[in-house]
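Asker: Quick one: this structure, given as structure tokens, is what I'll be asking you about.
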Amino acid sequence: MNKNKFNFAFWRDVRFLKWAFQLFVLFLVFNSLRGFFSQAVANLAATNLPFSWRFLGTTPGIQVSEGFKTYPESGLEAIQIGIANMLRITVSGIFFATIFGTIMGIARLSKNWIVEKSTTGLVEIVRNIPLLVQIFFWQAVLISFPRLEEADRGQHFIHISAKGIAFPWLDPGESSWLFGFWFILSLYFTRKVFKWRVSVLEKYGREAYPTIYSLIFLIISNILGWAGAYKLVGIFGYAASIVGNLFDVFPRIGIQVLFISVGSFYAVRYISSEVKRTRSAENRGVLTDDDIFKLVITVLLLLTLIVGMFLPLGVAISDFLLGNEAFFKSNWGLPQFFQGIQNKLDWNYSGAPFSVSYPEAIQAGSSTFTNYSQDVGKVMTVGYFATWVGVVLYTSVFISEVVRSGIMAVAKGQSEAGLSLGLKRSTLLRLIVLPQALRIMLPPMGNQYLNLAKNTSLGIAVAFPEIVSVGQTLYNQEGQTIAVFLIWMAFYSFVSLTLSSIVNFYNKKLKIVER
Amino acid sequence: MIEANTKVDYGVVKRWLKENLFSSYSSVVLTFASIFALVALFRGIISFIISPERQWTAITYNLQLYMVQAYPESDFIRVWITVGLVIVMFGLTWGYNSKNIRITINNAMDKLIKVFVVLFLLILITPTSVTTDKVQGIQEEVLQFNTRLLFLGYVTILLVTVIFIKFKFSDKTVLRDLLSFAYLGFLIASIWFIKVPTVVFDSTNVRVQDQYLPVASSTTIPWTVLYFVLIGFYYLGKSFNSKQVIALKRAIPAFWFLLPLLVVTWIYRKPDFSLVSIYSIDLPMVAVGLVLGYISLFIFNQEKNKKYQKYFFYLTLALFLVSLFLPILRQLKIIFFLYFILTSLSPYISNTKENSKNLLIVWTLSISIILFLMRGGTSETLIEVPGSSIYGGFALTWIIAYFGVLLSSPLGVLLALGRTSKLPIVRIICTTFIELVRSVPFITWLFFGSVMLSLFLPRGVEFDEVVRAIAVTAIFSSAYLAENVRGGLQSINKGQFEAADAVGLNTIQRISLIVLPQALRAVIPTLVSQVISLFKDTSLVAIVGLFDLLFVGIKVIPAQSQGANFLGTVLENIVFCAILYWVFTYSFSRRSMKIEKRLGLGER
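Heads up: the sequence lines are chains G and Z, in that order.
Using my numbering, the first residue of the first sequence is number 210, and each one after it goes up by one.
Using my numbering, the first residue of the second sequence is number 91, and each one after it goes up by one.
Have a look at this one:
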């Protein structure tokens, strides 16, 4: 009450002014957005192409040059092919760029003059040339190889031509998924064995050979797995089939209630933690504008969720989760997901999980041209090669910079201490310097991974069908530019959110080690 | 003296080799492996260059296309004026900021000796024959033994000259800038004398055997003239510096800022203007501006009129707002807006008579410049180019980069301030904008600009495709810039804010006088690298079909089947583009490192 003692006009109160200003800004932004979109709707209506998502369900009649399918049956499937291609480059690119970047970063700190200078030269050359130029360059390099027609038809081991690079590949058999799962499990247990031997070493102080033990375990378990022990993994498939069957008896209202209760739980928890925080000694129970705003937004979001779950979109999502085929005619939902697991991990499967196949140059249809056979070996197409090499090289150069500055940021005393203990340079790097450098390197490294994921979009320049390229083909066909742009935005936002949350997770994990 | 120099301390060399190349067994292996790899790489590059398959004439023939695309040849003088103005400004800046650093001839020549010795060795290991048929492995002798001897002879002559200079003038020192002029002079001389294969047509326009001619022979005279212009303006700048013309310190950045605007409105565009419209419209408007400025700066700043100042301020605000909705010239609206800003600031910045006088001059000058630029920018262009835009080639790259930076800087700073603001709604809006823009790759934004932007605008509002590309570039870059600036804002000590509050500054004063100067200074290196990456990103406009440097290199020249026929010369053109981009980005980044050192960032 003592606040009102001053008795000045309310429009001179700074709190009122703040909120008035903000609401004004909000109004402006909202109004201009509304203006833009209503203009867009009017313009689209005039062109006889009103905004719709229908193209996702219909057959687009386009051909995608590579991917898990060539002729997509729906727009959604075309976009899935694009996403799969994009992820293919991103995941393998991140893997190799990290390795190359780390090697280059360490080489730039090498004591050897010529190694250091040549790596620095490479870094300076690659990072100062636009990525697009480099991608075009690698495309031109591969295209300048002899045409495939000039090569002998028949089997090759590794073959490079203007059509791409063909190399041997493991052909999956019936039981490949079973064995793959077994392999991942064996890696997990190998790690356990390693930790167990290390704990023995630390406990009794005698040599416990952790590396040798874990290697032997890995080899033996995989030989056993290859010989047929993979059938044990079929238990997971059986479990999945049971879970999948549960969905048949689950009503839609169950999903809706589930979502609402989970949402309410988190909202209540958030609000109570917020209120608790303001009751702490330093805040003395005063809610700032910010806090009030946050609480209001939380409550609004919760209300939106509760109402939204019973609106058409919420109903559609619930149906989708239950596999009721209401979502774009597609047959993928949670039950189908579990059925898929059951199909892949069936213990009735037998035979060798993988067999090696070699690439083969064959006649293309009835024409005089030659193609690589689709069934055997693996072909790295020109577009994939150019994008992959360009992106990996470009990113690894930036990663090398991150690694270098990370290592240099580790206090010099640390490596001196390691040297005085008599460690070898490689051991010193592995056990003392790199773990500490990792903590500094991680956030900028995550940034570089994000850049890599975004840079794969340049594949469009060399006709590599990743999501941007497929999206462009789709909107050229169907005219739904805004819808395609929204899909791009949603997908890339999802990728960057995922990547940054992974990086944040590791960041937190490393931070705990510090204390 | 000479005896002292000839005596080489072999112990030092031996120790250096031992420490840097042969410190351990693995190091020895690494050394030899990398020497082997480097030699193989060098030989590969050279055999790529001298291979008879390569048509380097595609570049020497198309240099014009690369630089300005289809700009009409009759108006090339405008391009040269543009380049000349840049060089004038460059010389002036260089001379004005010259530090008079002297270096000994001995050191300079030592560097040159190293270069020439390496060159000599490289020529020795150059391959002479090239595999022309990869399938059958046929080799072809391209470089004759005599050619190699000739090159070796040239390098030896240069080496001997340099060694002679070194011993003759070993104790002399020379200005570093003079040395740079000498090197530049050699570069200029080389375009007169060094001959490269050039496409030649006979009288019936049929391509005949390539001849060796100086590269870009039509540009030799302009470049030579510009070289002397550069030297002239360097000394002019230097004399300004020695006479301590302090005004130039502010004026040079302003000139650099105005120069591209002048270029795009008047020089490059060739506007179709009439002197009558300047006399009858622009000059009266300048007069109006002058009178208005006088009223605001002199009449209402007098002690007896101070009490009316506030009402006058509201009057100008009303004037501006009313003029927005009146069907009058755009120029007048802008003048009224600027006038509103002037009146709002004049009580604070023109306290004395002297200040008011200076401010009046600046005010009149700036509105005349704005009117002048707008007169050029709004007139029809007389340049006729097939296609929609008069900008193309490397010029387009520069235009997009410059205006991208120019427009994104204020936007980025505002977004950063909004994101760190204490007002929740403003913060959420800014954060959403930044994150949405950053999450999507640049190429999708370019598609947005080229395909979707027109959907969101009222019918009939159509922008040139270059303008759309610039707008999208600016928006995209501003989001990244905002994140960099935010880093700087967060690095500022809390005490600075408290001190500003204690002095009694309001929010705007605190931000503009205390926070931003420190924040921006702290993030200069990241801002420069942001500019570099923007320069590199301009190459992406080639994907949406703008005729920039890369598009010319990758799509236009390899498709030339008429006349000279360069079908399929992709590799040569990409390598040329890469070199051109590299030269500029590399020199930017070297420059930024120097700035970083000069500011002493990261050393406190």
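Ideal Cβ positions, reconstructed from N, Cα and C, are used throughout, including at glycine.
Between Z:Leu472, Z:Leu407, Z:Asn583, which has its C-alpha nearest aspartate 165 (chain Z)'s C-alpha?
Answerer: Z:Leu472
Asker: Could you have a look at valine 289 (chain Z) and say whether DSSP puts it in helix, strand or coil?
Answerer: strand
Asker: Is serine 446 (chain Z) near leucine 387 (chain Z), with beta carbons less than 8 Å apart?
Answerer: Less than 8 Å divides the Cβ of serine 446 (chain Z) from the Cβ of leucine 387 (chain Z).
Asker: Determine, using beta carbons only, whether leucine 683 (chain G) and valine 693 (chain G) come nearer to each other than 8 Å.
Answerer: yes
Asker: Which same chain residues, not among the five before or five after threonine 216 (chain Z), have their C-beta less than 6 Å away from its C-beta?
Answerer: Ile136
Asker: Any C-beta of chain G within less than 7 Å: which residues of the segment 661–679 of chain Z qualify?
Answerer: Leu661, Ile664, Cys667, Ala668, Tyr671, Trp672, Thr675, Tyr676, Ser679
Asker: What residue ranges within the segment 412–471 of chain Z form continuous alpha helix (DSSP H) runs of no fewer than 4 residues, ordered along the chain?
Answerer: List check, alpha helix (DSSP H) in window: 420–439, 443–468.
Asker: Between asparagine 211 (chain G) and phenylalanine 225 (chain G), what straight-line distance do the alpha-carbon atoms span, to the nearest angstrom?
Answerer: Any reading at asparagine 211 (chain G) must be qualified, since the residue scores a pLDDT of 48, below 50, and its modelled position is unreliable; no value is offered.
Asker: Which one or two residues does DSSP pair with threonine 268 (chain G) in a beta bridge?
Answerer: Bridge partners of threonine 268 (chain G): none, in fact.
Asker: Is the CB of serine 479 (chain Z) under 8 Å away from at least one CB in chain G?
Answerer: no
Asker: For the segment 224–248 of chain G, list every residue whose C-beta sits within 8 Å of some C-beta in chain Z, in sequence order.
Answerer: Lys227, Phe230, Gln231, Leu232, Val234, Leu235, Val238, Phe245, Phe246, Gln248
Asker: What residues in its chain sit with their C-beta under 6 Å from that of methionine 91 (chain Z), if we drop five residues either side in the sequence?
Answerer: Residue confidence for methionine 91 (chain Z) is low, a pLDDT of 40 falling below 50, so the modelled location carries little weight; the figure read from the coordinates is stated next. Exclusion of the five residues before and after methionine 91 (chain Z) leaves no residue of its chain whose Cβ lies closer than 6 Å to its Cβ.
Asker: Using a C-beta cutoff of 8 Å, does alanine 287 (chain G) count as contacting chain Z?
Answerer: no
Asker: What does isoleucine 519 (chain Z) reach in chain G if we use C-beta pairs closer than 8 Å?
Answerer: Val234, Leu235, Val238
Asker: Taking the alpha carbon of leucine 340 (chain G) as the point to measure from, which residue in G:Ser678, G:Ile292, G:Thr665 has its own alpha carbon closest?
Answerer: G:Thr665
Asker: Determine the closest residue to glutamate 393 (chain Z) out of Z:Tyr369, Z:Lys443, Z:Leu380, Z:Ser629, with distance taken between C-alpha atoms.
Answerer: Z:Lys443
Asker: Taking the beta carbon of proline 281 (chain G) as the centre, do at least 16 other beta carbons fall within 10 Å, making it buried, or is it exposed?
Answerer: buried
Asker: Write down the C-beta distance between isoleucine 374 (chain G) and methionine 589 (chain G) rounded to the nearest angstrom, noting that I regard them as a contact closer than 8 Å.
Answerer: 4 Å
Asker: I need the straight-line Cα distance from glutamate 275 (chain G) to proline 674 (chain G), nearest angstrom please.
Answerer: 7 Å
Asker: Classify glutamine 348 (chain G) as buried or exposed, calling it buried when 16 or more other Cβ atoms lie within 10 Å of its own Cβ.
Answerer: buried
Asker: Assuming the contact rule is C-beta atoms closer than 8 Å, arginine 317 (chain G) and arginine 634 (chain G) should be a hit. Round their C-beta distance to whole Å, please.
Answerer: The beta carbons of arginine 317 (chain G) and arginine 634 (chain G) sit about 15 Å from each other, so the pair does not count as a contact at 8 Å.
Asker: Mind checking if valine 102 (chain Z) is an interface residue toward chain G, Cβ cutoff 8 Å exclusive?
Answerer: no
Asker: In whole angstroms, give me the CA-to-CA distance for valine 381 (chain Z) and isoleucine 451 (chain Z).
Answerer: 12 Å
Asker: DSSP three-state call for phenylalanine 376 (chain G): helix, strand or coil?
Answerer: strand
Asker: Any idea if arginine 694 (chain Z) is buried or exposed, counting beta-carbon neighbours within 10 angstroms, 16 or more meaning buried?
Answerer: Residue placement at arginine 694 (chain Z) is poorly supported in this model, since its pLDDT is 41, which falls under 50; the coordinates still yield a value, given next. Arginine 694 (chain Z) comes out exposed.
Asker: Thinking leucine 365 (chain Z) and leucine 463 (chain Z) are a contact (beta carbons under 8 Å), I'd like their distance in whole angstroms, please.
Answerer: No, leucine 365 (chain Z) and leucine 463 (chain Z) are not in contact; Cβ-Cβ is about 17 Å, not under 8 Å.
Asker: Would arginine 549 (chain Z) count as contacting chain G if we go by Cβ distances under 8 Å?
Answerer: yes
Asker: Would you say leucine 394 (chain G) reaches chain Z, if we count a Cβ-Cβ gap shorter than 8 Å as a contact?
Answerer: no
Asker: Measure the alpha-carbon distance for glutamate 723 (chain G) versus leucine 504 (chain Z) and round it to whole angstroms.
Answerer: Reliability of the predicted coordinates at glutamate 723 (chain G) is poor, the pLDDT of 46 falling under 50, and the value obtained from them is presented with this limitation in mind. If you take the alpha carbons of glutamate 723 (chain G) and leucine 504 (chain Z), they lie about 37 Å apart.
Asker: For the segment 176–194 of chain Z, list every residue whose C-beta sits within 9 Å of some C-beta in chain G, in sequence order.
Answerer: Taken residue by residue, none of the segment 176–194 of chain Z has a beta-carbon sitting less than 9 Å from a beta-carbon on chain G.
Asker: Compute the Euclidean distance between the alpha carbons of arginine 420 (chain Z) and lysine 684 (chain Z), then round it to the nearest angstrom.
Answerer: 43 Å
Asker: Per DSSP, leucine 496 (chain G) is paired with what?
Answerer: None; leucine 496 (chain G) has no bridge partner.
Asker: Quick one: using the 10 Å Cβ neighbour count with 16 as the cut-off for buried, is valine 298 (chain Z) buried or exposed?
Answerer: exposed
Asker: With H, G and I counted as helix, E and B as strand and the rest as coil, what does DSSP make of alanine 570 (chain G)?
Answerer: strand
Asker: Quick check: alanine 449 (chain G) and isoleucine 550 (chain G), are their CB atoms within less than 8 Å of each other?
Answerer: yes
Asker: Can you have a look at arginine 465 (chain Z) and say buried or exposed, based on whether 16 or more other CB atoms are within 10 angstroms of its CB?
Answerer: buried
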